[in-house]
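Residues 0 to 381 (numbering that gives the first Met the number 0) make up the sequence shown, in order.
In what follows, a single structure is set out as C-alpha cells and then discussed.
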Amino acid sequence: MQQPRPDLEAQLTTPAVPAPPTTNRRVTFTAYGGPEVISVVTEPQVEAPGKGMARIRVEASSLVFTDMLIRRNLYPMRKTLPGETLGYDLVGRVEQLGPGTTGPAPGTRIATLTQVGGGQDWVSLPAETLIPVPNHLDPLQVEPLILSYMTAYQCLTREARVAPGDQILVVAATGAVGLAALDLARAMGLRATGVASSARRQLVESMGADFIAYDQPGASPDVDRAAKATGGFAAILDGAGAEPLPAFLRRLAPGGHYVAFGFTSHLRHGGVDAKGLAVLLGKMKLGFSILRVLLARRRNPNVHFYDISGRREAHPDWFRDDLIALMDLLSEGRISPHIAGIFKPDRAAEAHRLIEEGAVTGRLVLDLRHNPKPSPTQPERT
C-alpha cells in the first residue's frame with residue numbers, strides 16, 4: 000500500500016498569496032427539496048482562521064449524487080440543515096494559517112473531504128486534514144479523486160483487497176463511483192464487468208470492461224452466467240442495491256467480497272421527489288437496506304458497507320496515503336476522470352437537476368476559480 004511521500008513538498012510551488020478576501024460566494028439551499036431550493040449567496044466578509052485552522056481559497060468542489068441527498072434530507076450519515084453550504088469535498092490553496100498553527104504553507108494547493116462546506120470561495124478548515132496536491136495537477140481533475148475515486152479505490156483495496164488479474168463486477172457502472180472503479184480496474188490490472196443501462200454499453204466497453212444491461216430481460220441470469228464463466232467474482236461493488244444480497248453472494252468466488260457503497264435504485268424510483276411522510280419512509284427504507292448489509296457482515300466478514308466519512312475518521316492515515324496514491328496514478332496518466340460537465344456556482348441548480356434526472360455519466364465539477372486559464376480538454380457543461 001502507498002506510504003506517505005516525504006518528497007511530495009518538493010513537487011509543490013508557492014505562488015504569491017492574494018490580498019485578504021472581503022466577500023464570499025457560497026452554494027446553499029433554502030429548504031429541503033428539489034434543485035429549485037439551491038441559491039448562491041454573497042456574504043460581505045471572510046473571517047481570519049483561528050488556532051489549528053487554515054483559510055482555503057477554493058478552486059473546485061463537488062456536484063454529486065450525495066450532495067443531492069443532503070439537499071433532499073435523505074442522506075443517512077449526517078444531518079445537514081438548510082442554509083449550510085453544499086460541497087462534499089474541495090481542492091484549493093492555503094491562504095492563511097491560524098495563530099500557532101502547523102500545516103501546509105500558504106500558497107500550497109491542497110485537497111480534503113468536507114461533507115458540507117466545499118462549495119464556496121473561501122473556507123476555514125482544520126489544517127491537519129489538508130493533503131498537499133502537486134502543483135502541476137489540474138484542480139478540476141483532482142476533485143473527483145477525493146470522493147468518487149477514493150470510494151472506488153478503498154472498496155477495491157481496503158475492503159476487497161483485490162490483486163492483479165482478479166475478476167470484479169461493478170453495479171451502477173456509469174455513475175461517478177462506477178466509472179472510477181472501471182478506470183482503476185484498468186490501472187490495477189483487474190478484469191471488470193460493468194452493469195449499466197443499455198444506452199451506456201459503448202461507454203462501459205470503452206473502459207475495457209465487459210457489459211451487462213440491467214434494463215433488458217434476463218439481466219440477472221446474465222450476471223449469474225458471467226459469474227459462472229469466470230469462476231465467481233473476487234469483488235462485487237454495488238452502488239444500486241437493486242437485487243437481494245443473496246443473489247450477489249452466490250456470484251462471489253471463494254473468499255470474494257461484496258461491497259455496497261450506495262442504494263441509488265431506492266431513490267431513482269420515486270424517492271427523489273418524495274415529500275413529508277414519504278421522505279421519512281424513504282429514509283427508513285434506505286436505513287433498513289444499510290442495516291441488512293451490516294447485519295449480514297456479522298455472519299460473513301466478506302460483506303461490507305462502505306462509508307467514506309466514517310472510514311476517514313477511523314483511519315485518516317489511510318485516507319491520506321490513498322489520495323496520494325490516486326494523485327500519483329493521475330500524474331502518471333494511468334487514470335483519467337470522466338468529467339461530463341463543469342459548472343460555475345450560478346449553474347449549480349442546473350447541475351443538480353441533471354443528477355436527479357439520471358442524465359449524468361461520470362462526474363460533474365463545481366468550478367470556483369477566478370479567471371481560470373482555458374482548459375480545452377474539459378467540457379463546459381453536459
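Beta carbons are placed, not taken as given, at the ideal position from N, Cα and C, and that holds for glycine.
Keep in mind that this is a model prediction, so the values were computed, not measured.
Where residue i falls: helix, strand or coil (DSSP)
i	result
Arg-310	helix
Ala-348	helix
Leu-365	strand
Ser-38	strand
Pro-245	helix
Ala-273	Confidence at Ala-273 is low in this model, with a pLDDT of 48, below 50, so the placement of that residue should be treated as unreliable; the coordinate-derived value is given next. Three-state result, Ala-273: coil.
Glu-356	coil
Asp-262	For the sequence presented, residue 262 should be read as Phe rather than Asp. Coil.
Val-292	helix
Gly-238	coil
Ala-198	helix
Gly-33	coil
First and last residue of the uninterrupted beta strand (DSSP E) at residue i
i	result
Met-206	No beta strand (DSSP E) holds Met-206; DSSP gives it neither H nor E.
Tyr-152	Run containing Tyr-152: none in the beta strand (DSSP E); it sits in the alpha helix (DSSP H), 149 to 153.
Asp-165	Asp-165 -> no beta strand (DSSP E), and no H or E assigned at all.
Gly-340	338 to 342
Tyr-257	251 to 259
Asn-23	23 to 28
Gly-214	Residue identity check: residue 214 is Asp in the sequence provided, not Gly. Per DSSP, Asp-214 belongs to no beta strand (DSSP E) and is neither H nor E.
Ser-61	52 to 62
Val-194	190 to 195
Val-302	302 to 304
CB contact flag (residue i, residue j, <7 Å)
i	j	result
Ala-212	Val-203	no
Gln-114	Arg-77	yes
Ala-179	Ser-205	no
Pro-34	Ala-348	yes
Leu-251	Gly-230	no
Gly-188	Pro-163	yes
Arg-92	Arg-56	yes
Leu-129	Ile-145	no
Element boundaries [alpha helix (DSSP H), containing residue i]
i	result
Leu-329	315 to 330
Ala-218	218 to 229
Gly-177	175 to 187
Residue i: CB within 6 Å of a non-hydrogen atom of the ligand SAM
i	result
His-351	The ligand SAM is absent from the structure shown, which contains no ligands of any kind.
I'd like the ranges of any beta strand (DSSP E) spanning at least 3 consecutive residues and lying wholly in the stretch 70 to 158. Fully enclosed beta strand (DSSP E) runs of 3 or longer: 88 to 96, 108 to 112, 121 to 125.
Would you check if there are 3 or more beta carbon pairs closer than 8 Å linking the stretch 111 to 126 to the stretch 85 to 99? yes
Looking at C-beta atoms only, is the number of pairs between the stretch 143 to 158 and the stretch 313 to 330 that lie closer than 8 Å three or more? Yes, they touch.
Decide yes or no for the touch test of the stretch 61 to 73 against the stretch 350 to 361: beta carbon pairs closer than 8 Å, at least 3 of them. Result yes; three or more Cβ-Cβ pairs closer than 8 Å.
Counting Cβ pairs closer than 8 Å, one from the stretch 97 to 106 and one from the stretch 291 to 311, do we hit at least three? no
Using a Cβ distance threshold of 8 Å, determine whether the stretch 131 to 145 contacts the stretch 223 to 235, with at least three qualifying pairs required. no
Are at least three pairs of beta-carbons, each pair with one atom in the stretch 172 to 191 and one in the stretch 336 to 345, less than 8 Å apart? yes
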